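Here's the structure we're looking at; comments come further down.
Residue numbers (my numbering): 6 to 418.
Here it is in structure tokens:
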């Protein structure tokens with residue numbers, strides 16, 4: 006590589022990060038490292054690695070060279086200090102909460118969170134870590150929920166499936182003022198459309214399965230420390246992890262007590278798929294956002310569609326906020342059919358769009374929300390979240406725009 010030290014663009018940095026770090030045999034991609042154990046000629050070096058005084062790998066449950074290369078890519082994407090990767094996005098969230106919080110610590114979270122995250126927080130509450138859910142589009146609601154025991158505020162950038170946009174910057178300012186850890190799930194926007202570090206997030210979560218990987222062929226999740234939180238203020242850091250630089254206290258405890266102890270390890274095969282997929286993130290998102298905007302505008306004009314939820318529409322309650330914060334409005338939208346239209350029959354008429362539960366795939370996917378991914382919540386909670394029985398969630402892909410819009414047109418017709 007050139008010795009030119011000029012800052013590189015987003016895609017250039019991702020494409021060349023493996024080679025800049027040094028790579029075996031001149032390969033362009035980090036090779037697969039499938040060994041679960043690592044040998045050292047000097048036993049003192051082995052001890053130094055175990056104690057965090059030297060870089061290296063000790064056991065596959067704590068990561069491997071292939072996942073480490075992916076972690077480096079994600080850190081670059083989020084302009085962070087360090088990243089820990091996990092087998093799934095849910096593993097990343099769960100392990101982080103368990104690693105950092107103690108019984109009695111209080112969480113304030115968005116009331117519009119992904120259903121599985123709501124379920125996870127319910128489990129935490131049952132084990133002594135109470136959670137208060139609030140309207141995260143209003144910083145005042147977050148502030149009113151704070152207690153002396155509050156340690157952490159958790160929000161998503163764009164909510165799934167109703168696309169509410171959290172009041173990200175003001176919540177970040179509130180957390181900084183109160184000394185709270187601000188955790189932002191960036192999955193729906195991805196590091197290409199938004200960097201939560203810019204609004205004061207201390208930790209950033211990404212479900213790498215979605216837009217970062219993009220191809221629907223690998224599960225993975227990550228937590229990135231942005232360097233914006235002062236870990237010397239976090240009483241829950243174990244003494245054994247205070248030997249490293251204070252900026253790394255939090256991420257070290259997440260890796261040790263979250264990844265090592267709970268074992269949600271990302272395999273090298275999955276890490277390789279995700280790393281290769283990440284190379285085209287910006288290109289894919291530009292096409293996806295354009296397709297989603299076109300589809301949202303089309304659906305908004307259809308008489309058999311009662312409502313469309315997409316931040317790119319001027320009628321969206323947080324359109325101005327999303328426009329100010331994000332590079333684009335994302336690939337997720339949802340819409341409510343006229344109750345006279347059977348949602349299952351409608352979905353069965355689609356020919357290009359696939360009925361599937363994933364997000365961030367290159368293919369456009371659609372799912373009836375109330376009957377599937379939010380069914381377990383029950384009707385009362387769905388109603389509180391504004392999820393109608395006729396709500397269809399769409400993850401827009403990179404197909405030709407006319408094919409996507411045309412498929413919905415014929416299904417509605």
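Glycine included, C-beta positions come from ideal geometry on N, C-alpha and C. In this text the structure is predicted, and so the values were computed from the model without any measurement.
Alpha-carbon spacing of residue i relative to residue j, whole angstroms
| i | j | result |
| --- | --- | --- |
| residue 135 | residue 126 | 8 angstroms |
| residue 128 | residue 103 | 11 angstroms |
| residue 62 | residue 400 | 38 angstroms |
| residue 175 | residue 36 | 42 angstroms |
| residue 220 | residue 228 | 21 angstroms |
| residue 322 | residue 287 | 26 angstroms |
| residue 123 | residue 77 | 29 angstroms |
| residue 340 | residue 54 | 52 angstroms |
| residue 362 | residue 209 | 23 angstroms |
| residue 188 | residue 107 | 17 angstroms |
| residue 301 | residue 417 | 14 angstroms |
Which of helix, strand or coil DSSP assigns to residue i
| i | result |
| --- | --- |
| residue 208 | strand |
| residue 381 | helix |
| residue 190 | strand |
| residue 226 | strand |
| residue 401 | coil |
| residue 233 | coil |
| residue 65 | helix |
| residue 12 | coil |
| residue 310 | strand |
| residue 60 | coil |
| residue 372 | strand |
| residue 20 | helix |
| residue 42 | strand |
| residue 6 | Any reading at residue 6 needs caution, since the residue's pLDDT is 45, under 50, leaving its predicted position unreliable; the model's value is listed next. Three-state result, residue 6: coil. |
| residue 318 | coil |
| residue 326 | helix |
| residue 75 | helix |
| residue 396 | strand |
| residue 215 | coil |
Limits of the alpha helix (DSSP H) - the one that residue i falls within
| i | result |
| --- | --- |
| residue 256 | 254 to 258 |
| residue 281 | 273 to 283 |
| residue 196 | 195 to 198 |
| residue 249 | Looking at the DSSP string, residue 249 is not in any alpha helix (DSSP H), and its letter there is neither H nor E. |
| residue 49 | 48 to 55 |
| residue 417 | 406 to 417 |
N-terminal and C-terminal residue of the beta strand (DSSP E) that residue i is part of
| i | result |
| --- | --- |
| residue 240 | Run containing residue 240: none; DSSP gives neither H nor E here. |
| residue 286 | Counting along the chain, residue 286 falls outside any beta strand (DSSP E), though it belongs to the alpha helix (DSSP H) covering 286 to 305. |
Please go through the segment 150 to 183 and give each complete alpha helix (DSSP H) segment of 4 or more residues, from N-terminal end onward.
Note on the segment 150 to 183: whole alpha helix (DSSP H) runs with a minimum of 4 residues are 173 to 183, in chain order.
Evaluate the contact criterion for the segment 336 to 345 versus the segment 289 to 299: three or more CB pairs, one atom per stretch, below 8 angstroms.
Cβ pair count under 8 angstroms is three or more, so yes.
Could you say if the segment 357 to 372 and the segment 380 to 387 meet the contact criterion of at least three C-beta pairs nearer than 8 angstroms?
Proximity of the segment 357 to 372 to the segment 380 to 387 falls short of the contact definition, fewer than three beta-carbon pairs being nearer than 8 angstroms.
Which whole runs of the beta strand (DSSP E) in the segment 83 to 159 are 3 residues long or more, in chain order?
Fully enclosed beta strand (DSSP E) runs of 3 or longer: 87 to 91, 111 to 115 and 136 to 139.
Across the segment 263 to 276 and the segment 246 to 254, are there enough close Cβ pairs to call them in contact, namely three or more that are closer than 8 angstroms?
The answer is no - the segment 246 to 254 does not touch the segment 263 to 276, with fewer than three Cβ pairs under 8 angstroms.
For the segment 329 to 366, list the alpha helix (DSSP H) runs that are entirely contained and at least 4 residues long, ordered along the chain.
List check, alpha helix (DSSP H) in window: 348 to 354.
For the segment 192 to 203 against the segment 161 to 179, are there 3 or more C-beta pairs whose distance is under 8 angstroms?
Yes, the segment 192 to 203 is in contact with the segment 161 to 179.
The segment 194 to 214 contacting the segment 79 to 98, beta-carbon criterion three pairs below 8 angstroms
A contact exists between the segment 194 to 214 and the segment 79 to 98.
Kindly confirm or deny that the segment 46 to 54 and the segment 11 to 26 touch, where touching means at least three C-beta pairs closer than 8 angstroms.
Taking 8 angstroms as the limit for Cβ pairs, the verdict is that the segment 11 to 26 does not touch the segment 46 to 54.
Is the segment 406 to 413 touching the segment 144 to 159 in the sense that three or more CB pairs, one from each, lie closer than 8 angstroms?
These segments do not touch.
Specify whether the segment 199 to 210 and the segment 68 to 84 touch according to this definition: at least 3 beta carbon pairs, one from each stretch, less than 8 angstroms apart.
When C-beta atoms of the segment 199 to 210 are compared with those of the segment 68 to 84, three or more pairs fall below 8 angstroms, so the two segments count as touching.
Sufficient close CB pairs (3 or more, under 8 angstroms) joining the segment 351 to 360 to the segment 323 to 330
By the Cβ rule, the segment 351 to 360 does not count as touching the segment 323 to 330, because fewer than three pairs are nearer than 8 angstroms.
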